[in-house]
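In the working numbering, the protein residues as written are 2 to 115. Beta carbons are placed, not taken as given, at the ideal position from N, Cα and C, and that holds for glycine. Source: prediction; values computed, not measured. Taking it in order: structure first as structure tokens, then the write-up.
Quick look at the structure:
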């Protein structure tokens, strides 16, 4: 049996840009991506702590060390700059493997630093 479990979580990261005229996705500082094993083009789920919005999209690699969290395209209407987000991804795995799995969880510091 395969089940879906939490793989990666960035908890309380601040939105630094919202670009309605971009083609879509979320831009994440590459340092943050590395810290929780998220890769470019991976599907992620976004939860806006400030307004309760929830949506999913894919990741674009942002400049390393920049602290960028940019919500792009139509999803830019769901957030505001300075909102706090939770970004998560899930993985499918065998039930017994899942019982041993430990997700990568990050609580970024000021400036969206790992």
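Measure the Cβ-Cβ separation of residue i and residue j and say whether it is below 7 Å.
i, j, result
"residue 90", "residue 45", "yes"
"residue 51", "residue 84", "yes"
"residue 69", "residue 28", "yes"
"residue 86", "residue 47", "yes"
"residue 111", "residue 79", "no"
How long is the line joining the alpha carbons of residue i and residue j, rounded to whole angstroms?
i, j, result
"residue 42", "residue 113", "20 Å"
"residue 35", "residue 62", "10 Å"
"residue 134", "residue 105", "With the chain covering only 2 through 115, there is no way to say anything about residue 134."
"residue 33", "residue 13", "12 Å"
"residue 64", "residue 108", "19 Å"
"residue 60", "residue 94", "21 Å"
"residue 115", "residue 66", "9 Å"
"residue 116", "residue 24", "This structure cannot speak to residue 116, because the chain is shown only from 2 to 115."
Would you mind sorting residue i into buried or exposed? The rule is 16 or more other CB atoms within 10 Å of its CB.
i, result
"residue 11", "buried"
"residue 26", "buried"
"residue 75", "exposed"
"residue 88", "buried"
"residue 30", "buried"
"residue 71", "buried"
"residue 49", "buried"
"residue 22", "exposed"
Could you name the residues that DSSP lists as bridge partners for residue i?
i, result
"residue 3", "95"
"residue 90", "9"
Exercise for the section: Kindly confirm or deny that the segment 84-101 and the segment 3-14 touch, where touching means at least three C-beta pairs closer than 8 Å. Expected result: Contact annotation: the segment 84-101 touches the segment 3-14, with at least three C-beta pairs closer than 8 Å.
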